[in-house]
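Chemist: The structure under discussion is supplied below as structure tokens; questions concerning it will follow.
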Amino acid sequence: MNEPILSRELAFVAAQRGLDETTVLAQAVREGIRALYRDTIIEAYLSGSISREHALKELGTGALEEVEYQRDALKGDVAWGFGNA
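Written as structure tokens, this is what we have:
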């Protein structure tokens with residue numbers, strides 16, 4: 022992303038929320054790390070690197086069920102596409 026645009030966006034968020042830019046950056050880093058962690062847990066679970074129990078502990082029931090639903094739907098679509106359904 023272009024630095025002037027990012028700087029403008031940071032300034033806008035800070036002004037709208039009544040926060041200083043350092044606080045906004047700290048929040049952005051926290052939220053970004055959480056999102057990356059969640060994505061990495063999902064990838065590890067789907068690849069078999071971690072157990073379902075570990076993924077369940079980290080993601081919660083609803084999120085893990087959604088991941089499994091999407092995985093199963095994709096497998097079904099692929100099987101259908103190859104005429105194996």
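Residue numbering for the sequence shown follows the numbering used here, beginning at 22 and increasing consecutively. From the three backbone atoms N, C-alpha and C, an ideal C-beta is built for every residue, glycine too. In this text, all values refer to a predicted model and were calculated from it rather than measured experimentally.
DSSP state of Ser70, grouped into three classes?
Modeler: The answer is coil: DSSP assigns Ser70 none of H, G, I, E or B.
Chemist: Label Ile63 either buried or exposed according to how many other C-beta atoms from any shown protein chain fall within 10 Å of its C-beta, with 16 as the threshold for buried.
Modeler: Ile63 comes out buried.
Chemist: Just to confirm before moving on: does the CB-CB distance between Leu67 and Leu77 stay below 8 angstroms?
Modeler: Their beta carbons are not under 8 angstroms apart, which means Leu67 does not touch Leu77 by this criterion.
Chemist: DSSP three-state call for Asp41: helix, strand or coil?
Modeler: Residue state, collapsed to three classes: coil.
Chemist: Check Phe103 in the structure and name its three-state DSSP category.
Modeler: Phe103 falls in the coil class under three-state DSSP.
Chemist: Taking Cβ to Cβ, would you say Leu31 is nearer than 8 angstroms to Glu42?
Modeler: In this structure, Glu42 lies closer than 8 angstroms to Leu31 by Cβ.
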